[in-house]
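Engineer: For the sequence shown, the working numbering assigns the number 1063 to the last residue and increments by one with no breaks. Quick reminder that beta carbons are idealized off the backbone N, C-alpha and C, glycines included. These numbers come from a predicted model, not from an experiment. Below is the structure I would like to discuss, written out as structure tokens.
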Amino acid sequence: VLMRQPLCHKNVTRPINMSFSIHQARRSLCTAINSKLLLQTPLANNITTAALAPSLLFSTTRTFSAAKPKTAKKAAAADTPPTLSYQARKDLAKQKRRDAYARKQARLDSLKTRRDDKTDRGILKRTFMEWYSKEIEYHAILERKARQEGKPWKIRVAALVERLPVVTPDMEEWEREFVDLQEYLMTFGKVYPPETGLMPEEKEEDHVVMSDEEMLALLPFTPAPRETEADATGDVKTRDRRLKTFLYLAIRTKNEGILSDSPRWTLPSAIANIQADQKDSDDAFETLLQTAQRAVSTSIGSDLTLWCPSNAPVAINYRVYNKNLPEEFRGKYYGEKIFFYRVQWDSGDVDEGSLAKGGVEDYAWLTKEEMLERVEGERGVHQAKFFKYLL
């Protein structure tokens, strides 16, 4: 339907197409209202007042019923009282950010220690890796300095002779309680329905668990004590001591070339016959494991029989020669690379008559704690930590 209605000055007619879209009609009416032309020109009789409904008289800009979400900054500004000054509102927003950060850090800390005993997980591993990474960096520096001076390294092999535990270690309190509970529950056996008639009549004596002392009293022999006479007297030259733990053979010697006149506690060691100036000798093809076996035999005699579980060393350490050492000992070398081999005692004993021939003044079968105590007192905390991870 086309209608001609004057909507402007000078009797200019303008066709209105009612088939236009509602959006176009709204735009036309709003344009007329904004230009104040609609108020100056009467509407036609066939245009009802419904055409001036409020739904048609709004801005041409499209809007939505749902408000846009406020940003975090605007939301914080909206929560701030308008009576505060700019600096006060700024300080309040900063304090809110600090509180949010503190809550986040507290939650992260609680996740790290979400355990019953509140202990940090992996603390032993991290402690070892911190020490190990520094050792690797230090060894790389020594390698670079040796190359700069054009000096090679001597190869020394040390034998870590260990005696395995003879008896099982004592149980912890929680282990003892668990074993007692398990033995008590095993006294009940299988449970069958009463109608089967297979369940015997229960008696209190059927659920009595014998103690260790009661079981030992029933044995036809007297078992050996777990604590020996050497433990009571403090004798460290016998393997018949500290049966619950490992023992390590240590010697007291000056063969490693030290500045001090007094010997020190260490492991049996020897220089490997694989140096560049010994290629034509008969011992040029000696392996590192054979060097470790030779170090034990030359130090404490050949009566000790060893079992070697592997051909690979368990650790390596560096030692830089002090310039005050004798020239015949240092030679043209920058220092020593010490390879440690783990071997186990099988049979035999130390030949005390061969100690003087090998330059050994004393020997002992020591525990890990006793060995660390001697090394720390003679060489310091750094070498004691190396032996801690070695043993």
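1) Compare the Cα-Cα distances from A922 to each of T970, L832, I946 and D852 and report the closest residue.
2) Would you mind reading off the limits of the beta strand (DSSP E) that contains S969?
3) Which ranges would you report for the alpha helix (DSSP H) in the region 885–916 if only whole runs of at least 4 residues count?
4) State the start and end residues of the unbroken alpha helix (DSSP H) segment that holds E849.
5) Below 8 Å CB to CB, which residues in the same chain sit around I1010 once its five sequence neighbours on both sides are set aside?
6) Going along the chain, which residues of its own chain have a beta-carbon closer than 7 Å to the beta-carbon of A970, five neighbours each way excluded?
7) Pull up the distance between the alpha-carbon of V986 and that of S883, whole angstroms please.
8) Who are the near neighbours of K926 in its chain, counting only those whose CB is closer than 6 Å to its CB and skipping five residues on each side?
9) What span of residues does the alpha helix (DSSP H) with Y1061 cover, start to end?
10) Rounded to the nearest angstrom, how far is the Cβ of L1063 from that of Y920, given a contact under 8 Å?
11) Which word fits L976, buried or exposed, when buried means at least 16 other C-beta atoms lie within 10 angstroms of its C-beta?
12) Report buried or exposed for T733, applying the criterion of at least 16 other Cβ atoms within 10 angstroms of its Cβ.
13) Below 7 Å CB to CB, which residues in the same chain sit around V839 once its five sequence neighbours on both sides are set aside?
14) Are there 16 or more other CB atoms within 10 angstroms of the CB of N718, so buried, or fewer, so exposed?
15) Within a Cβ cutoff of 7 Å, which residues of the same chain sit near P837, ignoring the five residues on either side of it in sequence?
16) Could you say if the region 870–890 and the region 1005–1024 meet the contact criterion of at least three C-beta pairs nearer than 8 Å?
17) Going by DSSP in three states, L764 sits in which element: helix, strand or coil?
18) Taking buried to mean at least 16 other C-beta atoms within 10 Å of its own C-beta, is I808 buried or exposed?
19) Are any of the Cβ atoms in chain C nearer than 8 Å to that of D852?
20) So who's on the other strand from S1019, going by DSSP bridges?
21) Residues in the same chain with beta-carbon distance under 6 Å from R835, minus the five sequence neighbours each way, listed in chain order, please.
22) Give me the Cα-Cα distance between E1050 and S982, rounded to the nearest whole angstrom.
23) Can you tell me whether T868 is helix, strand or coil according to DSSP?
24) Have a look at the DSSP bridge pairing and note the partners of P825.
25) Rounded to whole angstroms, what's the CA-CA distance from F800 to Y1061? Just pull it up for me.
26) So for T720, helix, strand or coil by DSSP?
27) For T720, which residues in the same chain have their Cβ closer than 7 Å to its Cβ, ignoring the five residues on either side in sequence?
Structural biologist: Considering the structure as presented:
1) Cα-wise, what sits closest to A922 is L832.
2) That residue, S969, is in no beta strand (DSSP E); its alpha helix (DSSP H) goes L960 to I972.
3) Here the runs fully enclosed are 901–905.
4) Residues E845 to M858.
5) In the same chain as I1010, and ignoring 5 residues on each side of it, the C-beta atoms closer than 8 Å to its own belong to R828, V829, A830, S941, I988, N989, Y990 and R991, in chain order.
6) The question names Ala, but residue 970 is Thr in the sequence shown. Closer than 7 Å at Cβ, skipping near neighbours: A942 and G1030.
7) The straight-line gap from Cα to Cα measures roughly 42 Å.
8) If we look at K926 and ignore the five residues flanking it on each side, its Cβ neighbours are P935.
9) Element bounds for Y1061: V1053 to L1062.
10) Contact between L1063 and Y920 holds: CB atoms are separated by about 6 Å, below the 8 Å threshold.
11) Using a 10 angstroms sphere on the CB of L976, the tally of other CB atoms reaches 16 or more, which defines it as buried.
12) In this prediction, T733 scores a pLDDT of 49, lower than 50, which makes its location untrustworthy; the coordinate-derived value is nonetheless stated afterwards. With fewer than 16 Cβ atoms within 10 Å of its Cβ, T733 is classed as exposed.
13) Cβ neighbours of V839 beyond the five flanking positions: R898, L915 and K916.
14) Because the pLDDT at N718 is just 43, under 50, the model does not fix this residue reliably, and the value given afterwards should be weighed accordingly. Exposed, because fewer than 16 other Cβ atoms sit within 10 Å of the Cβ of N718.
15) Closer than 7 Å at the Cβ level, and outside the excluded window around P837, lie L915, K916, T917 and F918.
16) Result no; under three Cβ-Cβ pairs closer than 8 Å.
17) In the three-state DSSP reduction, L764 falls in the helix class (H, G or I).
18) Exposed, since its Cβ has fewer than 16 Cβ neighbours within 10 Å.
19) Included in the structure is just one protein chain, with no chain C present.
20) According to DSSP, S1019 bridges with T977.
21) Taking R835 as the centre and dropping the five residues before and after it, the same chain places the C-beta of R911, L919 and W1017 closer than 6 Å to its C-beta, in chain order.
22) Spanning the two alpha carbons is a distance of roughly 30 Å.
23) Three-state result, T868: helix.
24) Position check: residue 825 holds Trp in this sequence, whereas Pro was assumed. Residue pairing from DSSP places W825 in a beta bridge opposite G1007.
25) One C-alpha to the other measures close to 8 Å.
26) Any reading at T720 must be qualified, since the residue scores a pLDDT of 41, below 50, and its modelled position is unreliable; the value itself is stated next. Correct three-state label for T720: coil.
27) Residue placement at T720 cannot be trusted, given a pLDDT of 41 that sits under 50; what the coordinates show is reported in the next sentence. The beta carbon of T720 sits closer than 7 Å to none of the beta carbons in its chain outside the five residues before and after it.
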